[in-house]
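Q:
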Amino acid sequence: MAGPGRRSSTFTRLLRHGFTDPSAAERLLDRAELAPVRDDPVLLEALGATADPDLALLGLVRLLEAQPQGAARRELLDTVIAAKPLRDRLLGVLGASAALADHLARHPRDWEALVTYEPRDLHPGVEEFERGLAEVTDPVSLRVAYRRCLLSIAARDVCGTTDVAETAAELADLATATLRAALGLAQAAAPDDAAACRLAVIAMGKCGGHELNYVSDVDVIFVGEAADGADEGKALKSATRLASHMMRICSETTVEGSIWPVDANLRPEGRNGPLVRTLSSHLAYYQRWAKTWEFQALLKARPVAGDTELGEEYVAALEPLVWKAAERENFVADVQKMRRRVVENIPVAEVERELKLGPGGLRDVEFAVQLLQLVHGRTDPSLRSGTTLDALQALTAGGYVGRADGVQLDEAYRFLRSMEHRIQLYRLRRTHLVPEDEADLRRLGRSLGLRADPVAELTREWKRHAAVVRRLHEKIFYRPLLDAVAQLAPGEARLSPEAARERLVALGYADPAAALRHLEALASGVTRKAAIQRTLLPVLLGWFADSADPDAGLLNFRKVSDALGKTPWYLRLLRDEGAAAENLARVLSAGRLAPDLLMRAPEAVALLGDGDGGGLEPRGRAHLEQEILAAASRAENAAQGVTAARGVRRRELFRTAAADIVDSYGTESNPAEPDQGALVDRVGGAVSDLTAATLAGALRAVVREGWGDTLPTRFAIIGMGRFGGHELGYGSDADVLFVHEPQDGVDEREASEAANKVVAEMRRLLQLPSADPPLLIDADLRPEGKSGPLVRTLKSYEAYYRRWSLVWESHALLRAEPVAGDEDLARRFIELIDPLRYPGRGLGDGAVREIRRLKARMESERLPRGADPRLHTKLGPGGLSDVEWTVQLLQLRHGRREPGLRTTRTREALAAAREAGLISAEDAATLDEAWVLATRVRNAVMLVRGRAGDTFPSDARELAAVGRYLGYGTGHAGDMLDAYRRTTRRARGVVEELFYEG
């Protein structure tokens, strides 16, 4: 025994070998059953090599306990220690599958099935599995024999003797042998029925494709014919009874559980159609009534049981119809609708964990491969394989899929199928969901050979492969030429314009004729430029189709390409830098603002890449000021200096908008930013810093032209409102105050005239019509508002605030922060106003009533007539005004006492109020969520419409674009509006309590 507080050496060794519960493992090792081998290092090493050493040890102890006598126990232990192949197989299975451990505990001699290690045992086929099932006499013994065979498949799988494709093929062969055995039992139970009919069992789906999972429905179709001299009607009834009994033998639960459900719903008319049809009935249905998905399903049809000749006749009769399916009207659109329907049926909570049906999942690969097979397999028989990986290899070899794309898809599919196999193997349950539990993820990762940090490595590899599948699936699945090729008669090679238009409509293009013109202009010809465009466009069209306005995306892409097409770096950037093309597609199809900014200087496309353009990371204020001030200093006059500053502002606005769009949409390599508050802060900070730097540059340019290096008066600009709060949006004006102080010996009148000239010239130059967006300066928050002087001296401000200051002015000064000009003067201005905005005794009741009255008046007077108040982001209930005034009231009341409240930023002040106990964590979170959402909506409206707005657009496509920016998919604009109303309604409840009643 180890002393108190000390761990035993065994405990430490167990930890080192990967046990997660060493204490429990020590107790198991101390069991009498393991006494002969307890200290044998071979056992511990072997257990540590399994996916779950704790599970493997527990399974071994249970298996030893279940041995009928001591001799059998010794035989098992001796074999485990002496025979490495058996040791690896048995412990590998016990560490990966609790279900097979249960089977071994119930059937303790079945471990002997793992002893043999001969070449023929490495890759058994149907014949070997039929021998393994030869002794079955009833459904229970069939289950026992099935699991004994499954045990050997799992052992080869977890030890790496077979790869994932070989394992899937073995599982399909075992299913074939099992269907044959089940049909034999059914025939033996009803010999008269067996004599009256010929019955063929056609495997479909994964079983038919020779790529079955550990636990999956086995999809089948039954074909029946009358035996010689029998009545057809009676024969079909006999065949139906046999088929039904065979299905029950496999599906029903017994004392040994079930095997798997046999699903016949892929038959003509589905569950509403007869279970068994004659071959002629099948043929008539597929010729007249079958839908596109039914031909896609027939790709995997394979006779597996019953009358072999009849099964082969069925496949031979239907195969020609399969390869004509691509000539059907709307073929590609039908296939895509099926894919979308599958994704839409996944519960929202499971989409991210869905390995098979989710975005970037197994079904993406399978659908893409099947679509290409159906389109090109008409004329190329080498593509007609029912096995996904074989078909993918043939498509790659034939040039239908790029070589690199084919290799990546193959690797991703193998990895995802391996995950699926190991997830199902654990409990032998039919599931495609990646587990959430840490222990399950650890076992899964270790089973795939990820040992250093199994959970992190598994998550990283899974996401990487899913991203590859998603990207390549879109590239292949949405390639617009596929539809056109699919509409051509065999042998023709010309593109069908009508089919191409139809394809574009299916992708969401409202004006397919214009889209075709753009495609023709971009991709026609034999130039290198056209060749690169033909490579890029299939991918770009898929990304455009993922937006709310594909037409605008394609049109904008053509405009940018026309402007930059002769620039050598442009197409090279899009082709070679992974992020650039997708970033550009997102930006060009997300609304008007970013494309408008880009069109004014298309070379800003370089920012979208990964190289030397600086990328999309916003630049800091110091960096911006340095660039703008340098440009202003080099300019010959004020106009040129301000033009240079505005040019930098335009470029940086584009950078900020592009980053915002890309982060909001997400890309295949980087998912959308989940923290909405971070997105808002990033935009607000970037635009505010940019505005401050632009004002600093304009000030420098104007002063240099009029007065040289020194203005007759010290001059500072104070940011107010959202500007002072670092919360500017794309369409915000710059709210400011101007303060000056005459230089020593300068007459106050001269100083005042100089200051006013500076302000007037700055305002004029910053809003002159030009290619760059104007920057409007708003000084209405100054003392006396629009009636007061535009610029005041510091002494004038002091005198005014001492004698005349009103409550609203103290309120407005909460957001005051220096942004440009003389730093010492700005600092003294802030010292002057601090007692006003953070009054020593807080606010009196009269002041609080006045603030409430002002807010109520503002809402009633400023809310536009006819606007829905519930959807007005600024003045509506629970909107920006509600949250900000509530927070600012807390600042006015408690700012002197609580230093954390002395900030110009809404979210910071709200967090400080929560920390100070002035507001509950729940209420603070409610207000923060509403403020962030309202700000995001305002930013979205500006990005989408190209002009500022405080409410959701009425145009359906614009509303959809706002929804896409906010993370809502196509057709979910109503959900977005409901979520906004719900969020702001909760916030309004908090405002009522804190602002109006508190």
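Per the working numbering, the sequence shown starts with residue 171, numbered consecutively. Quick reminder that beta carbons are idealized off the backbone N, C-alpha and C, glycines included.
1) Can you have a look at V540 and say buried or exposed, based on whether 16 or more other CB atoms are within 10 angstroms of its CB?
2) Is it the case that the Cβ atoms of D905 and L960 are separated by a distance below 8 Å?
3) Let me know if R816 comes out buried or exposed under the rule of 16 or more other beta-carbons within 10 Å of its beta-carbon.
4) Pull up the CB-CB distance for T557 and E381, whole angstroms please, since I reckon it's below 8 Å.
5) Along the chain, where does the alpha helix (DSSP H) that runs through A1154 open and close?
6) Going by C-alpha distance, which of Y1135, A1110, H981 is nearest R1072?
7) Whole-angstrom Cβ separation of E122 and L532, contact assumed at under 8 Å?
8) Smallest Cα separation from R317: which of R1158, A582, A345, K1044?
9) With H, G and I counted as helix, E and B as strand and the rest as coil, what does DSSP make of R279?
10) I'd like to check one pair, F1122 with L1147: are the Cβ atoms closer than 8 Å?
11) Let me check understanding here. Comparing Cα to Cα, which of V1057, P939, A751, A342 lies closest to R641?
12) Looking only at its own chain, which residues have a Cβ that is under 8 Å from the Cβ of E482, when we skip the five neighbours before and after it?
13) If you measure between the beta carbons of A1157 and L1060, is that distance less than 8 Å?
14) Would you kindly report the start and end of the unbroken beta strand (DSSP E) that includes D389?
15) Below 8 Å on the Cβ atoms is my contact criterion, and I expect A397 with A359 to pass it. Report the Cβ-Cβ distance as a whole number of Å.
16) Where does D851 fall in DSSP's three states?
17) Evaluate the contact criterion for the segment 1105-1119 versus the segment 756-769: three or more CB pairs, one atom per stretch, below 8 Å.
18) In whole angstroms, give me the CA-to-CA distance for G889 and R985.
19) Between K470 and M374, is the Cβ-Cβ spacing less than 8 Å?
20) Using 8 Å as the Cβ pair cut-off and three pairs as the minimum, do the segment 805-823 and the segment 861-872 touch?
21) Given a cut-off of 8 Å on the beta-carbon distance, is the pair A266 and R592 in contact?
22) Quick check: the segment 873-892 against the segment 841-849, are there 3 or more CB pairs under 8 Å?
23) Report yes if the C-beta distance between S694 and A700 is below 8 Å; otherwise report no.
24) Where does T346 sit, in a helix, a strand or coil, going by DSSP?
25) Does the separation of the CB atoms of L1013 and R1063 fall below 8 Å?
26) Taking the alpha carbon of A538 as the point to measure from, which residue in D575, V989, E479 has its own alpha carbon closest?
27) Of the choices L706, L724, T697, whose alpha-carbon is the least far from that of Y679?
28) When the Cβ atoms of the segment 251-267 are set against those of the segment 217-231, are three or more pairs found closer than 8 Å?
29) Need the endpoints of the alpha helix (DSSP H) that D1004 sits in, please.
30) Compare the Cα-Cα distances from G443 to each of G399, V393, D258 and report the closest residue.
31) Would the segment 1084-1097 and the segment 1018-1026 be scored as touching if the rule is three or more Cβ pairs under 8 Å?
32) Under a three-way DSSP split, which group does L945 fall into?
33) What are the partner residues of R1183, as DSSP defines its beta bridges?
34) Can you list the alpha helix (DSSP H) stretches of 4 or more residues lying completely in the segment 585-641, in chain order?
35) Counting along the chain, where does the alpha helix (DSSP H) carrying I798 start and finish?
36) Going by other Cβ atoms of all chains shown within 10 Å of its Cβ, with 16 needed for buried, is R1027 buried or exposed?
A: So, to answer that:
1) It should be pointed out that residue 540 corresponds to Gln in this sequence rather than to Val. It is buried - the Cβ of Q540 has at least 16 other Cβ atoms within 10 Å.
2) no
3) buried
4) 5 Å
5) In the sequence as presented, Ala is not what sits at residue 1154; that position holds Thr. Its alpha helix (DSSP H) spans residues 1143-1161.
6) H981
7) Within the shown structure, residues of the chain are numbered from 171 to 1168, placing residue 122 beyond reach of any answer.
8) A345
9) coil
10) yes
11) A751
12) P473
13) no
14) 388-396
15) Not a contact, Cβ separation roughly 18 Å.
16) helix
17) yes
18) 8 Å
19) yes
20) yes
21) yes
22) no
23) yes
24) helix
25) yes
26) D575
27) L724
28) yes
29) 993-1007
30) V393
31) no
32) coil
33) Residue 1183 is absent from the structure shown; the chain starts at 171 and stops at 1168.
34) 608-617
35) 791-804
36) exposed
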